[in-house]
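Visitor: Handing you this structure, nothing more for now.
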Amino acid sequence: MTFNEIMETVGKAVDAAGVAAIVIGAVVATLLAVGALLRRRSQGREVYTLYRRRLGRSILLGLELLVAADIIRTVAITPTYESVGVLALIVLIRTFLSWSLELEISGRWPWQKEPEGDAPEPAAATS
(Lines of atoms letter the chains of each structure in order from A and count residues from 1; the text may use other names and numbers.)
(Lines give C-alpha, C1' and ligand atoms only; values in the text may rest on other atoms or scores of the structure.)
Protein backbone atom coordinates (compact mmCIF):
# COMPACT_ATOMS: atom_id res chain seq x y z
CA MET A 1 0.00 0.00 0.00
CA THR A 2 1.39 3.39 -0.98
CA PHE A 3 1.50 6.50 1.18
CA ASN A 4 -1.23 8.15 -0.92
CA GLU A 5 -3.53 5.14 -0.52
CA ILE A 6 -2.98 5.12 3.24
CA MET A 7 -3.70 8.87 3.53
CA GLU A 8 -6.82 8.50 1.36
CA THR A 9 -8.04 5.69 3.63
CA VAL A 10 -7.30 7.74 6.74
CA GLY A 11 -9.12 10.72 5.22
CA LYS A 12 -12.15 8.57 4.43
CA ALA A 13 -12.13 7.13 7.96
CA VAL A 14 -12.07 10.62 9.51
CA ASP A 15 -14.85 11.68 7.09
CA ALA A 16 -16.92 8.71 8.25
CA ALA A 17 -16.24 9.60 11.88
CA GLY A 18 -17.46 13.15 11.22
CA VAL A 19 -20.69 11.97 9.63
CA ALA A 20 -21.15 9.42 12.41
CA ALA A 21 -20.67 12.12 15.07
CA ILE A 22 -23.42 14.22 13.51
CA VAL A 23 -25.85 11.34 12.99
CA ILE A 24 -25.28 9.68 16.37
CA GLY A 25 -25.39 13.05 18.14
CA ALA A 26 -28.68 13.92 16.44
CA VAL A 27 -30.21 10.56 17.34
CA VAL A 28 -29.05 10.74 20.97
CA ALA A 29 -30.20 14.36 21.35
CA THR A 30 -33.60 13.46 19.90
CA LEU A 31 -34.02 10.41 22.13
CA LEU A 32 -33.08 12.40 25.22
CA ALA A 33 -35.50 15.19 24.30
CA VAL A 34 -38.36 12.75 23.63
CA GLY A 35 -37.61 10.96 26.91
CA ALA A 36 -37.64 14.22 28.85
CA LEU A 37 -40.94 15.23 27.27
CA LEU A 38 -42.52 11.85 27.98
CA ARG A 39 -41.39 11.92 31.61
CA ARG A 40 -42.75 15.47 31.85
CA ARG A 41 -39.84 16.35 34.12
CA SER A 42 -39.02 19.43 32.11
CA GLN A 43 -41.01 22.11 30.43
CA GLY A 44 -41.07 22.15 26.65
CA ARG A 45 -38.91 25.27 26.46
CA GLU A 46 -36.15 23.68 28.60
CA VAL A 47 -36.24 20.50 26.52
CA TYR A 48 -36.03 22.52 23.31
CA THR A 49 -33.06 24.55 24.58
CA LEU A 50 -31.16 21.43 25.68
CA TYR A 51 -32.03 19.66 22.43
CA ARG A 52 -30.63 22.53 20.33
CA ARG A 53 -27.51 22.65 22.48
CA ARG A 54 -26.86 18.92 22.17
CA LEU A 55 -27.60 18.89 18.46
CA GLY A 56 -25.34 21.89 17.88
CA ARG A 57 -22.49 20.24 19.76
CA SER A 58 -22.72 17.09 17.66
CA ILE A 59 -22.76 19.16 14.46
CA LEU A 60 -19.72 21.12 15.66
CA LEU A 61 -17.82 17.93 16.41
CA GLY A 62 -18.75 16.48 13.03
CA LEU A 63 -17.66 19.65 11.22
CA GLU A 64 -14.31 19.60 13.01
CA LEU A 65 -13.72 16.01 11.92
CA LEU A 66 -14.77 16.76 8.34
CA VAL A 67 -12.34 19.68 8.18
CA ALA A 68 -9.58 17.43 9.55
CA ALA A 69 -10.31 14.86 6.84
CA ASP A 70 -10.14 17.54 4.13
CA ILE A 71 -6.81 18.77 5.50
CA ILE A 72 -5.38 15.24 5.59
CA ARG A 73 -6.39 14.51 2.01
CA THR A 74 -5.34 17.88 0.60
CA VAL A 75 -2.00 18.29 2.32
CA ALA A 76 -0.90 14.66 2.25
CA ILE A 77 -2.19 13.58 -1.15
CA THR A 78 -2.62 16.44 -3.61
CA PRO A 79 -0.86 19.59 -2.42
CA THR A 80 -1.50 21.66 -5.57
CA TYR A 81 -2.40 25.35 -5.55
CA GLU A 82 -5.89 24.49 -6.76
CA SER A 83 -6.52 21.86 -4.07
CA VAL A 84 -5.14 24.13 -1.34
CA GLY A 85 -7.41 26.94 -2.59
CA VAL A 86 -10.43 24.65 -2.50
CA LEU A 87 -9.41 23.51 1.00
CA ALA A 88 -9.11 27.12 2.14
CA LEU A 89 -12.62 27.84 0.86
CA ILE A 90 -14.03 24.72 2.55
CA VAL A 91 -12.30 25.57 5.84
CA LEU A 92 -13.55 29.16 5.63
CA ILE A 93 -17.16 28.05 5.10
CA ARG A 94 -17.02 25.39 7.81
CA THR A 95 -15.36 27.80 10.23
CA PHE A 96 -18.15 30.31 9.66
CA LEU A 97 -20.69 27.54 10.28
CA SER A 98 -18.88 26.49 13.45
CA TRP A 99 -18.80 30.04 14.76
CA SER A 100 -22.47 30.50 13.96
CA LEU A 101 -23.35 27.28 15.79
CA GLU A 102 -21.21 28.28 18.77
CA LEU A 103 -23.03 31.60 18.93
CA GLU A 104 -26.38 29.79 18.83
CA ILE A 105 -25.37 27.26 21.50
CA SER A 106 -23.62 29.48 24.01
CA GLY A 107 -24.84 32.96 23.13
CA ARG A 108 -21.29 34.25 22.66
CA TRP A 109 -18.54 34.09 20.07
CA PRO A 110 -15.85 31.40 20.51
CA TRP A 111 -13.21 33.97 21.45
CA GLN A 112 -15.34 35.59 24.16
CA LYS A 113 -14.89 34.48 27.75
CA GLU A 114 -17.76 32.92 29.67
CA PRO A 115 -19.51 35.42 31.95
CA GLU A 116 -18.42 35.06 35.57
CA GLY A 117 -21.84 33.89 36.81
CA ASP A 118 -22.29 31.14 34.20
CA ALA A 119 -22.05 27.63 35.55
CA PRO A 120 -21.79 24.51 33.42
CA GLU A 121 -24.95 22.57 32.59
CA PRO A 122 -26.24 20.62 35.57
CA ALA A 123 -25.56 16.89 35.34
CA ALA A 124 -29.28 16.06 35.61
CA ALA A 125 -30.09 18.23 32.60
CA THR A 126 -27.53 16.51 30.33
CA SER A 127 -28.77 12.99 30.81
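Letter by letter, the sequence shown follows residues 1014 to 1140 of the working numbering.
C-beta: ideal position from N, C-alpha, C; glycine also.
Would you mind working out which of L1068, G1024, K1025 sits nearest L1045, comparing C-alpha positions?
Guide: L1068
Visitor: In chain order, what residues of the same chain lie with their CB nearer than 6 Å to the CB of G1038, ignoring the 5 residues before and after it?
Guide: Contacts found: S1071.
Visitor: So, with DSSP's three-state summary, where would you put E1059?
Guide: E1059: helix per DSSP, three-state reduction.
Visitor: With a threshold of 16 other CB atoms inside 10 Å of the CB of R1121, please say whether the residue is buried or exposed.
Guide: exposed
Visitor: Tell me the rounded alpha-carbon separation between G1024 and V1104.
Guide: 15 Å
Visitor: In whole angstroms, what separates the C-alpha of Q1125 from that of M1014?
Guide: 46 Å
Visitor: If you drop the 5 nearest sequence neighbours on each side, which residues of the same chain put their C-beta closer than 6 Å to that of S1096?
Guide: T1087
Visitor: Looking at the unbroken alpha helix (DSSP H) that takes in W1112, where does it start and where does it end?
Guide: 1094 to 1119
Visitor: Rounded C-beta distance between L1076 and L1110? I'm assuming under 8 Å.
Guide: 6 Å
Visitor: Which residue wins for smallest C-alpha separation from N1017, given the options P1092, L1114, W1112, P1128?
Guide: P1092
Visitor: Taking just the CA atoms, how far does G1048 sit from R1065?
Guide: 15 Å
Visitor: Leaving aside the five residues before and after E1117 along the sequence, list all residues of the same chain whose C-beta is less than 8 Å from its C-beta, in chain order.
Guide: R1065, G1069
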